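Trainee: Residue numbers (my numbering): 5 to 258. Idealized CB from N, CA, C, for every residue including glycine. Predicted, not measured: the structure shown is a model, and the values here were computed from it. I have a structure I would like to understand better, so I am pasting it below and will then ask my questions one at a time.
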Ligand code: PGA
């Protein structure tokens with residue numbers, strides 16, 4: 005597939021996989037995807053598996069991501085993990101503002117923006133998630149919600165930092181539900197986000213930022229989604245827990 009930007013496909017394992025299971029999965033993934041150079045490949049295990057997965061993928065084309073981090077660099081924040089700790093395991097990417105964290109941990113755009121800045125300060129690439137709920141879409145508010153989230157959670161980034169940031173458009177109604185946005189809905193939202201980035205930063209930045217689609221991506225719908233001009237990859241949940249489906253999504257996207 006001839007794309008304007010290099011595709012990036014990331015697997016968000018969420019709260020799944022013991023260390024042993026994680027190692028099994030990356031062993032299979034390494035084997036399945038050994039020849040893939042056209043796509044940036046990222047696995048995001050839970051914190052508890054980062055160390056061992058990091059060692060297991062050292063000699064591969066898989067890169068490591070985390071699922072969250074603190075906005076602080078150190079200190080009395082019980083239960084939190086900071087960017088410097090992630091760097092110890094050669095983590096390169098960090099998912100921020102996933103809709104599950106927005107929903108269950110009540111994360112707001114301003115906090116996500118602080119985390120994104122902290123990630124860049126430590127040379128981690130944030131993968132910032134945005135997306136509207138079904139009710140918001142049905143009320144015709146999808147673009148308004150996206151605009152608020154994009155402006156709020158990317159506030160304060162420099163142009164250089166924005167170019168190194170990945171935006172994940174994940175309509176909440178498509179996450180884990182089996183309902184995928186149509187290719188038209190996805191392209192429309194991605195195009196809208198890119199125009200917004202041009203207004204917030206500039207055209208050059210907007211052209212360079214990769215915007216992933218997330219929400220029930222499967223081997224069967226990956227090719228059509230990835231063929232959209234403003235869709236630059238995928239953030240996978242359920243499908244990333246199985247080596248075969250992750251690998252098939254990647255292969256169907258090339
Ligand atoms: P899903 O999750 O692929 O299971 O819908 C996507 C996500 O939450 O990133």
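#1: Around the Cβ of residue 77, are there at least 16 other Cβ atoms within 10 angstroms (buried) or fewer (exposed)?
#2: Identify every run of the alpha helix (DSSP H) within the region 177-222, keeping only runs that are complete inside it and at least 4 residues long; order them along the chain.
#3: Which whole-angstrom value is the C-beta distance of residue 247 and residue 33, which I expect to be below 8 Å?
#4: By the DSSP assignment, the alpha helix (DSSP H) with residue 117 in it spans what residues?
#5: Is it buried or exposed for residue 15, if we count other Cβ within 10 angstroms and need 16 for buried?
#6: What do you reckon, are the CB atoms on residue 23 and residue 66 nearer than 8 Å?
#7: In whole angstroms, give me the CA-to-CA distance for residue 68 and residue 58.
#8: Under DSSP, the alpha helix (DSSP H) around residue 251 begins and ends at which residues?
#9: Note down, in chain order, each residue of its chain lying with its Cβ closer than 6 Å to the Cβ of residue 256, except the 5 sequence neighbours on either side.
#10: Quick check on the DSSP output: the alpha helix (DSSP H) that includes residue 53 runs from which residue to which?
#11: Just how far apart, CA to CA, sit residue 195 and residue 47?
#12: What is the DSSP secondary structure of residue 1, counted as helix, strand or coil?
#13: Could I get the ranges of all uninterrupted alpha helix (DSSP H) runs contained in the region 135-178, with 4 residues as the minimum, in chain order?
#14: Once DSSP output is grouped into helix, strand and coil, what is the label at residue 97?
#15: Rounded to a whole number of angstroms, what is the C-alpha to C-alpha distance between residue 253 and residue 145?
#16: Is the beta carbon of residue 16 within less than 7 Å of some heavy atom of ligand 1?
#17: Taking contact to mean 3 or more Cβ pairs, one atom from each stretch, closer than 8 Å, check whether the region 237-246 and the region 6-20 are in contact.
Mentor: Let's see:
#1: Position 73 of the chain shown, counted from the first residue, corresponds to residue 77. It counts as exposed.
#2: 187-204 and 207-212
#3: Here residue 247 refers to the residue found at position 243 when the chain shown is read from its first residue. Here residue 33 refers to the residue found at position 29 when the chain shown is read from its first residue. Right, their Cβ atoms sit about 5 Å apart.
#4: In the chain shown, the residue the question calls residue 117 occupies position 113. Note, residue 117: alpha helix (DSSP H), 113-125.
#5: Stepping through the chain shown from its first residue, residue 15 is reached at position 11. So residue 15 counts as buried.
#6: In the chain shown, residue 23 corresponds to position 19, counting from 1. In the chain shown, residue 66 corresponds to position 62, counting from 1. In this structure, residue 66 does not lie closer than 8 Å to residue 23 by Cβ.
#7: One-based indexing of the chain shown puts residue 68 at position 64. One-based indexing of the chain shown puts residue 58 at position 54. If you take the alpha carbons of residue 68 and residue 58, they lie about 7 Å apart.
#8: As a working mapping, residue 251 is identified with position 247 in the chain shown. Residue 251 -> alpha helix (DSSP H) spans 247-257.
#9: Taking the chain shown and counting its residues from 1, the one referred to as residue 256 is at position 252. Around residue 256: 223, 226 and 227.
#10: In the chain shown, counting from the first residue as 1, residue 53 sits at position 49. It spans 51-60 - the alpha helix (DSSP H) in which residue 53 sits, taken as one unbroken run.
#11: As a position in the chain shown, residue 195 is number 191, starting the count at 1. As a position in the chain shown, residue 47 is number 43, starting the count at 1. Using only the alpha carbons, I get a separation of about 26 Å.
#12: Summary: the structure shown does not reach residue 1, with the chain confined to residues 5 through 258, and so no result is reported for it.
#13: 138-142, 146-157 and 163-167
#14: Counting from 1 along the chain shown, the entry for residue 97 is found at position 93. In the structure shown, residue 97 sits in a strand (DSSP, three-state: E or B).
#15: Along the chain shown, one-based indexing puts residue 253 at 249. Along the chain shown, one-based indexing puts residue 145 at 141. Their Cα atoms are separated by approximately 31 Å.
#16: Mapped onto the chain shown, residue 16 falls at position 12. Yes, the Cβ of residue 16 comes within 7 Å of a heavy atom of ligand 1.
#17: yes
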